[in-house]
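Structure first, commentary second.
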Amino acid sequence: MFERLYNAQSHLKLVIETQALDNNLDDSDQELLSEYFLSIDKTPLEVSQGTNIGNFEYPSLKVTQNGDELSISFHVTQTNGPQVTLYTAELNQEYLWADTYLDAYEELCVYTKKLLLLHCSNNPPNFVAITQLNQKESRLIQWLNEDQEEMLSAHWQLYLGHQFKSSDWILVTSKPESIIFKDLYSFQNLLFLGIALALLLTTYAILFLVKKHLKPIDALLLGTQEIYKNNLQHKVLIKTNDEYEDLANSFNTMTTKLSSESDISTALTEIDEKLITRAAFSECMESIIRNIPLLTAAHSIFAYVSDSINETSYSSYRFDCKNNKLHVKDHILQDPTIAFDDIEPGTSVCFSYDQIKSRITTPYLSIDSSYTLFQLSNEQHLRVFLIVANDRKRYHPRTNEYFQHSLIVLNALQRDKLLESQANTDSLTKLHNRKYFQEQVSACLDNLATPCKESLLMFIDLDRFKNINDTLGHHIGDLLLQEASIRLLKSIPSNAICARFGGDEFTVFIPDSTTINAENIATAIITTLSDSYFIGGYHAIVSASIGISISPNDATSFDELLQCADLAMYNAKDNGREQCRFYNKQLSEQLSKRVDMERYVANILNKNQLTVYYQPKLDLHTMTISGFEALSRFSHPTKGSVSPFDVFAVAEDTGRVLELGYFVLHEALKQQVAWEQQGLWSGKMAVNVSPVQLFDTHFLAHLDLYLEKTGADPRNLELEITEGVLIDDPEGAALLLRKIHDRHISIALDDFGTGYSSLAYLTHLPIDHLKIDRAFIVQIDEGEKFRGVLQSIISMAKHLGMHVTAEGIEIESHLNFLQAAECDYIQGYFYSKPLSAEGAALFLETHCL
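Okay, structure coming up:
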């Protein structure tokens, strides 16, 4: 049908093209034209009425209804210049529907999309059936014809849109159901008969076979039941020399393989359980090694492990398969896996007896065996090598799967250990961290079998460690912490739990200990931590203060016990450091004061609570002002003035001493330059420098910066140091003092006689000025012996080329004695107390102008 439409369309196009060229059709074309079409009409159209399609367009198919009749025609327009012609060619429907092949009793009907009947070979379906044509749920339609005969119709669409620019037609074929299913009904009757016959024959055969072979079947059935019971070792024994015996043999082969597969799967499950239960690495290795005989007929298995995470770094295993004995060696000093460094990762290698003997040293090798090396892991943190010794190189097909699975479990187990180690270990010192310490100590306190027994918690703090960081740098401080951790571990019992609690703080918990034992341990810790450190080319000295709390006397919970030890540690610091103190209830009040002082010191500069005062010095030769000493004075919003001694003690512990010292130095230089510019006074300004500040790696840079910013003359600056500077690091101090002296800055040794006074360093160091401590001055009136000592100090300093200043002069008799002893300068309340900048300016106006 589609082909006839296409032929008619093509011939019409040919006719129109031929006429357009003013050519005549030959007889054959004219004959075809008469066969295809009933008529061809040409209608001239106005240009405005025509369709602007260019020179030619394919004919389009249209169905036209005239009353009860339907006509099918092609329509096409042709444009020649201003002339437009409409061609209407009505199809010959006898040509269109002729020679349609149909089976007997089969009917064909053609409908338009709007269900207009174009053609039907016989009676069309009834109205109800026609209305179902556009429904897409089913392609089959059941209906009754005029004779009330059941009909079955199928319909589909003939797609005309692309080729003929027309809506699709619906083709419907119908046939009586009785004709369609006639053969099926016949087959159904035969099928029932065949089934019945087959059942009879089968029943007879089954009864015959059951009667003849009941015993073998029972044996196979029993074997199946044993498999169901997971008894894979059961064997079916049938000796009939027929297919039952073959079946039994196959059954036994299957159960053997299933048993082997089950054993290996059980072994893998056992290895998985080690991971799930987070078992020790050695337990997992033992499980892996013991199950290797399931894969091959091995008589010996050797394993070598290098584990950088667990405490047992190197270990080896030997499994005697015959006697089922596993021998393990831990804490091997050398890495046993080095012998296999040349083996390509991820490979298994076979060795002869001579080859393996050259790599491992063991008396358990057999010259008759072959050896296969398996690499379970060859990573940075974990290396595991297995050597299997057997007589035949035959392995189970799942061998690679077994070792790969073991590798995954070992790596996962080791990764868990690594994560656990990272979570519970301090990354710098490798000690336990605060989290782990708290968990373990809390568990110990909760699970003490005898609560009456004492357990000790030590809180250890390195004295003046902040100064190491500030002066030598944090990298030196880190190295010192690592060394201190090693020393600490060597000083505590093996059952103690030790941790770096934070910064320079360490904690130690000792279960089932005594007060006497704790004091001995603490003394040993202080001694070893206070020894000098030589790190990164520097000599460093720190000490340790330890606070000790006792459970259950002081507290029973971790937090309370830790707080008590912390209080005791601060008490040790307040009483001179480098000692241990036990907690007592009075310490809580002291801690409160200490915390308040730390808060105050932390905000001194932010809240302008530090003021620099200036105490004049008197030249005993000219009785004029020789200089000033810059002194720190602190004020509290509610407590008034605060002792500088208390402030600097806390500042050294908290690392605030540098910022306070540099602030005073800068302020003093600015004030000296201001007085000089005002014409009030020009002379030396003395500034105290603490050991921490002096050994700060940036001290000289700060000193040069302040001199440059203020414009101060370095010859008018004098730095006062204490003897402690010379004791800690004499060589480093000497080098640093010479660099300062090279800048034309004077150096004064303050508080001479109160420390470790030594004539040796006085003769070799660039010290310009010696200041005698007030402790010697107050003894002038106590006898000739004390006055002789003071006279000797002054005389000694004179012989060394130093000027001498006596501090703490408060009465005239002391002044008179010092004049007679040829002391150069005095300083004290007798002459003037420390003055504010404004007060010092008034003092200068009174005494100098």
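Using my numbering, you'd call the opening residue of the sequence shown number 18 and step up by one each time. A virtual CB, placed ideally from N, CA and C, is assigned to each residue, including glycine.
Taking contact to mean 3 or more Cβ pairs, one atom from each stretch, closer than 8 Å, check whether the region 308-322 and the region 334-342 are in contact. yes
Does residue 240 pass the burial test, meaning 16 or more other C-beta atoms within 10 Å, or should it be called exposed? buried
Residue 529, enclosing alpha helix (DSSP H) - first and last residue: Residue 529 -> no alpha helix (DSSP H), and no H or E assigned at all.
So if DSSP puts residue 186 in a beta bridge, which residue, or which two residues, is it bridged to? 129, 175
Grab the span of the beta strand (DSSP E) containing residue 101 for me, first residue to last. 100-108
Expressed to the nearest angstrom, what Euclidean distance is found between the alpha-carbon atoms of residue 51 and residue 175? 25 Å
Which two residues bound the contiguous alpha helix (DSSP H) that contains residue 53? 44-53
CA-to-CA distance, residue 716 to residue 704, given in whole angstroms: 14 Å
Using alpha carbons as the reference points, say which of 603, 607, 611, 582 lies closest to residue 597. 582
Considering only DSSP beta bridges, list what residue 651 is partnered with. 627, 659
Between residue 67 and the rest of its own chain, which residues show a CB-CB distance below 7 Å, the 5 nearest in sequence each way excluded? Residue confidence for residue 67 is low, a pLDDT of 44 falling below 50, so the modelled location carries little weight and cannot support an answer.
Starting from residue 2, follow the alpha helix (DSSP H) in both directions and report where the run begins and ends. This structure cannot speak to residue 2, because the chain is shown only from 18 to 866.
Straight-line CA distance for residue 864 to residue 834? 23 Å
Report the three-state DSSP secondary structure of residue 345 (helix, strand or coil). strand
Taking DSSP as the reference, what is the three-state secondary structure of residue 712? coil
Give every residue of the same chain whose Cβ lies closer than 8 Å to the Cβ of residue 69, excluding the five residues on either side of it in the sequence, and list them in chain order. A caution first: residue 69 carries a pLDDT of 46, below 50, which makes its placement in the model unreliable, though a value can still be read off. Taken in chain order, the residues that qualify are 96.
Using only the alpha-carbon positions, how far apart do residue 324 and residue 477 sit? 32 Å
Give me the Cα-Cα distance between residue 216 and residue 203, rounded to the nearest whole angstrom. 20 Å
So, helix, strand or coil for residue 150, using DSSP? coil
Could you work out which residue in 287, 532, 498 is closest to residue 482 when comparing CA atoms only? 498
Would you say residue 624 reaches chain B, if we count a Cβ-Cβ gap shorter than 7 Å as a contact? Looking at the structure shown, chain B is missing, and only one protein chain is on hand.
Give the C-beta separation of residue 590 and residue 480 to the nearest angstrom, bearing in mind that I take them to be a contact with Cβ-Cβ under 8 Å. 7 Å
Can you tell me which residues form a DSSP beta bridge with residue 405? 318, 389
If you follow the alpha helix (DSSP H) that residue 764 is part of, which residue opens it and which one closes it? Note, residue 764: premise wrong, no alpha helix (DSSP H); beta strand (DSSP E) at 763-769.
Enumerate in chain order the residues of its own chain whose CB-to-CB distance from residue 277 is below 8 Å, with the five nearest sequence positions on each side excluded. 311, 413
Pick helix, strand or coil for residue 607, following the three-state DSSP scheme. helix
State the DSSP-derived secondary structure class of residue 338, mapped to helix, strand or coil. coil
CB-CB under 7 Å to residue 615, same chain, minus the five flanking residues each way: which ones, in chain order? 667, 671
Can you tell me which of the three DSSP states residue 749 falls into? helix
What does the alpha-carbon distance come out to for the pair residue 1 and residue 297? What the structure shows of the chain is the stretch from 18 to 866, and residue 1 is not part of that stretch, so it cannot be assessed.
Extent of the continuous alpha helix (DSSP H) to which residue 494 belongs: 491-507
Going by DSSP, what residue range makes up the beta strand (DSSP E) through residue 118? Taken as a continuous stretch (DSSP letters only), residue 118 belongs to no beta strand (DSSP E), as it is neither H nor E.
Excluding five sequence neighbours on each side, which residues of the same chain lie with their C-beta closer than 6 Å to the C-beta of residue 688? 854
Assuming residue 426 is part of the alpha helix (DSSP H), what are its boundary residues? 416-441
What is the rounded straight-line gap between the Cα of residue 73 and the Cα of residue 197? Annotation note: pLDDT 49 at residue 73 (below 50); position unreliable, no value reported.
Could you check what DSSP says for residue 847 in three-state terms: helix, strand or coil? coil
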